[in-house]
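Structure first, then comments.
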Amino acid sequence: MRDLVDSPLFVEWIRGKPEAVRFFSQFRRGRRDLFASVITRAEILVEVREEEKWKTLRLLRRVKWIPVTEEIADQAAAYMAQYSKTHGLTLADALIAATAKVVGARLVTLDKDFFPMTDVSVYVPY
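Numbering (my numbering), first residue to last: -18 to 107.
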């Protein structure tokens, strides 16, 4: 099963958090492919500081970006209808979860509570 990595892990790696550095080490030298939603890319670019841009862009080149398709958009809309009022689900998180479901990936995040869906495998690595 492939892993779809959420933005908080990327940001912690960029900022040098040891747990994040260890997590991302498995993706070095092509041992495993690193997948993420294009929504995650936007979240990362919004979050990083100016002095982190070069390191960020270097990391982003190694990611296999999954675009939002009609199927992903439709699934995200279904998640929004089900969870936005009861769990405060945002459209960005609905799109990321829908991406994981549609491509059959495990969603790797630090924010398990943001993803209440029962049909998406969610993993918190540390």
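By construction, the Cβ of each residue, glycine as well, lies at the ideal position given by its N, Cα and C atoms.
* Ordered along the chain, which non-local residues of its own chain (more than five positions away) have a Cβ less than 8 Å from that of Trp(-6)? -> Ala1, Val2, Phe4, Phe5, Leu40
* Figure out for me which residue from Lys66, Ala75, Leu38 has the closest Cα to the Cα of Asp55. => Ala75
* What is the rounded straight-line gap between the Cα of Asp100 and the Cα of Lys82? -> 7 Å
* Asked: Is there contact here, the segment 15 to 29 with the segment -17 to -1, by at least three beta-carbon pairs under 8 Å?
  -> yes
* Asked: According to DSSP, what are the bridge partners of Val2?
  -> DSSP lists no partner for Val2.
* Asked: Hey, how far is the Cα of Phe8 from the Cα of Tyr64?
  -> 32 Å
* Inter-residue CB distance, Ala78 and Leu88 (contact presumed, cutoff 8 Å) -> 6 Å
* Burial state of Ala17 (16 or more Cβ within 10 Å) -> buried
* Would you mind stating whether Val49 and Val19 have Cβ atoms separated by less than 8 Å? => yes
* Backbone CA spacing between Glu33 and Glu24 [nearest angstrom] -> 14 Å
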